[in-house]
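Protein chains in written order, with our numbering: chain A, 58 to 346; chain B, 102 to 321.
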């Protein structure tokens, strides 16, 4: 049985003297009836697919609606000029989030994390850090377990689909997962992993899912940047010793409550939010020609 | 289900786990059920598949699946061209299907020397699917487990024979569902197994009276 709460997972960690990522791996091995080594191998495949996915980005490609595709390349060029507001590392995070989002829109290979629409958040945070700071690959795979474990608790208590709970469930959850994961890489404690997730989720609570034309393009691709930046901010806050005043499990429950109250026009129907704008109608009319 | 690899994963070609990865999987399962690459395929899209399918590459993904590509195959965007090269003719049209799930596809497959096969399936998100109709008979399976699909005449004793044949081959049945169109008409058995059903056991089953067709889907 997968963990129903962060509290339950943390209790196991305390009792068995193991780290959070290990508790997630053990649970996976038990649940699927596989060895820890097999579980690790599968997680390593996810990690490698994130690395390969980023490298496969092609700035010349455009999505079928021609709304997105070149954004990753634009930020690369902007960063290379050395005059960004957010600094070099964060500009790389930005460009990687956009690249993965564009890859997804342009029918290239991605890792759904937790969904295809939010696939840029995790690699933007983790792959960028890995390449910048030369961290052992094992640490990154551990971090993916942390992210998956947190994501599973969110899935068990709330949801991960935009159609169910809005974008807070997709990019919001992806951001919470990435915050916990990078917090682990930086040596954060199990408690800090929970605080990082809670803070990331709170910052994006209420985010609606309003894809133009129902396509995973606008505003999804750029929203991955928001999710990635937010994850890093949340992790840094947790590592600085800031605690979420609301425990992460209760934050997830609040997110569920907000999603349940969200109007259906704001849950992946392509009706409300920016999907309901005049320009969106023009884009849809153009595509149907 | 609900493994951590449903949270982190699948590895897939974008843009949508339901409309692209799920669609590729529907095509792939249809091909496996048919037992070969169709020479002609008619694909009908219902609901959201019809409305936003084009922008999500649902059409390309379904054809890719029929060509045997998995949801992470980088050639999915080029599937129409590849179908042409491999001589698979196809049409794709919207179709309103009564009481169907919004992400539903119907596929009719033809090839020289074999019977036409018609399947209906829908995508439930996360790249996962359900097959809900097979040649007009209601069924319900995902293809995530080893699955034996047996088409038979609806008459006494057929289920016993199948169970006995599997038992003889040391195969454990995990779940078993039986469906039929009408009493004494055609029936379908969907048997999920813990082990892989060997070729000999399949041949053994096919040779039995009243059993029309036997197909095995490897868990994937």
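Quick reminder that beta carbons are idealized off the backbone N, C-alpha and C, glycines included.
Partner residues on chain A for residue 106 of chain B, Cβ-Cβ distance less than 7 Å: Near residue 106 of chain B (Cβ distances below 7 Å), the residues of chain A are 99.
task: Give the interface partners of residue 152 of chain B over in chain A, defined as CB-CB distance under 8 Å, in chain order.
output: Against residue 152 of chain B, the close residues of chain A are 271, in the order they occur along the chain (beta-carbon pairs closer than 8 Å).
message: Restricting to Cα atoms, I'd like to know which of A:247, A:108 and A:264 is closest to residue 300 of chain A.
response: Answer by Cα proximity: A:247.
message: Suppose you measure from the CA of residue 282 of chain B to the CA of residue 306 of chain B; what does that come to, to the nearest Å?
response: Going by the C-alpha atoms only, they are around 21 Å apart.
Endpoints, the beta strand (DSSP E) within which residue 293 of chain B is located: Taken as a continuous stretch (DSSP letters only), the beta strand (DSSP E) holding residue 293 of chain B covers 287-294.
field: Under the three-state DSSP convention, the category residue 305 of chain A falls into
entry: DSSP places residue 305 of chain A in helix when its eight states are reduced to three.
query: Does DSSP classify residue 171 of chain B as helix, strand or coil?
result: Residue 171 of chain B falls in the coil class under three-state DSSP.
message: If distances are taken between C-alpha atoms only, which option among B:310, B:167, B:317 and B:293 comes closest to residue 302 of chain B?
response: Relative to the Cα of residue 302 of chain B, the nearest Cα in the group B:310, B:167, B:317 and B:293 belongs to B:317.
message: Give me the chain A residues within the contact set of residue 195 of chain B, using Cβ-Cβ distance strictly less than 7 Å, ordered along the chain.
response: Here the premise fails: no neighbours, minimum Cβ distance about 12 Å.
Below-8 Å beta-carbon distance, residue 177 of chain B vs any chain A residue: For residue 177 of chain B, the answer is yes, since a Cβ of chain A falls inside 8 Å of its Cβ.
message: Does residue 194 of chain B come out as helix, strand or coil in the three-state DSSP assignment?
response: Residue state, collapsed to three classes: strand.
Same chain, Cβ closer than 6 Å to residue 99 of chain A, neighbours up to 5 away in sequence not counted: So the list is empty, once near-sequence residues are dropped.
Whole runs of the beta strand (DSSP E) within the segment 119-161 of chain B, excluding any shorter than 3 residues: As far as the segment 119-161 of chain B is concerned, its whole beta strand (DSSP E) runs of at least 3 residues are 141-148.
- prompt: For residue 108 of chain A versus residue 163 of chain A, is the C-beta spacing smaller than 8 Å?
  reply: No.
query: When you check each C-beta in the segment 158-174 of chain B against every C-beta of chain A, which residues fall closer than 7 Å?
result: Taken in chain order, the members of the segment 158-174 of chain B whose beta-carbon sits within less than 7 Å of a beta-carbon on chain A are 158 and 173.
message: Is it buried or exposed, residue 308 of chain A, if we count other Cβ atoms within 10 angstroms and call 16 or more buried?
response: Within a 10 Å sphere around the beta-carbon of residue 308 of chain A sit 16 or more other beta-carbons, which makes this residue buried.
Where residue 118 of chain B meets chain A, residues with beta-carbon distance less than 7 Å: Ordered by position in chain A, the residues that pass the 7 Å Cβ test against residue 118 of chain B are 169, 172 and 173.
message: Please tell me whether residue 281 of chain A has its Cβ less than 8 Å away from any Cβ of chain B.
response: The C-beta of residue 281 of chain A comes no closer than 8 Å to any C-beta of chain B.
- prompt: Which runs of the alpha helix (DSSP H) fall wholly inside the segment 128-177 of chain A and span at least 4 residues, in chain order?
  reply: 128-137 and 145-162, all fully within the segment 128-177 of chain A.
- request: Pick out the complete beta strand (DSSP E) segments inside the segment 209-278 of chain B, 3 residues or longer, and give them in chain order.
  value: Counting only runs of 3 or more, we get 218-226, 229-235, 238-242 and 247-254.
- prompt: Since residue 250 of chain A is in the alpha helix (DSSP H), which residue starts that stretch and which ends it?
  reply: Element bounds for residue 250 of chain A: 247-261.
field: Cβ of residue 166 of chain A within 8 Å of any chain B Cβ
entry: For residue 166 of chain A, at least one C-beta of chain B is nearer than 8 Å to its own C-beta.
field: CA nearest to the CA of residue 205 of chain B, picked from B:107, B:287, B:231 and B:140
entry: Distance check between residue 205 of chain B and each of B:107, B:287, B:231 and B:140 places B:231 closest, using alpha-carbon atoms only.
- prompt: For residue 258 of chain A, is the classification buried or exposed, using 16 other Cβ atoms within 10 angstroms of its Cβ as the cut-off for buried?
  reply: Classification of residue 258 of chain A: buried, given that the 10 Å Cβ count is 16 or more.
query: Is there contact between the segment 150-166 of chain A and the segment 168-179 of chain B, where contact requires at least three CB pairs shorter than 8 Å?
result: With contact defined as three or more Cβ pairs closer than 8 Å, the segment 150-166 of chain A and the segment 168-179 of chain B are in contact.
message: Does residue 189 of chain B come out as helix, strand or coil in the three-state DSSP assignment?
response: In this structure, DSSP gives residue 189 of chain B a state outside helix and strand, which the three-state scheme calls coil.
message: Helix, strand or coil, according to DSSP, for residue 109 of chain B in the structure here?
response: Collapsing the DSSP output to three states places residue 109 of chain B in coil.
field: Local conformation of residue 316 of chain B per DSSP, three classes
entry: Three-state DSSP puts residue 316 of chain B in a strand.
- prompt: Taking Cβ-Cβ distances below 9 Å as the criterion, which residues of the segment 70-99 of chain A are in contact with chain D?
  reply: Looking for chain D here will not work: the only protein chains present are A and B.
- prompt: Among residues of its own chain, excluding the 5 on either side of residue 113 of chain A, which ones have a beta-carbon nearer than 8 Å to its beta-carbon?
  reply: If the five residues before and after residue 113 of chain A are omitted, its C-beta is found closer than 8 Å to the C-beta atoms of 160, 165 and 166, all from its own chain and listed in chain order.
query: Can you tell me whether DSSP reads residue 207 of chain B as helix, strand or coil?
result: In the structure shown, residue 207 of chain B falls within a strand segment according to DSSP collapsed to helix, strand and coil.
- request: Can you tell me which of B:115, B:222 and B:217 puts its alpha carbon nearest to the alpha carbon of residue 207 of chain B?
  value: Closest by alpha carbon: B:222.
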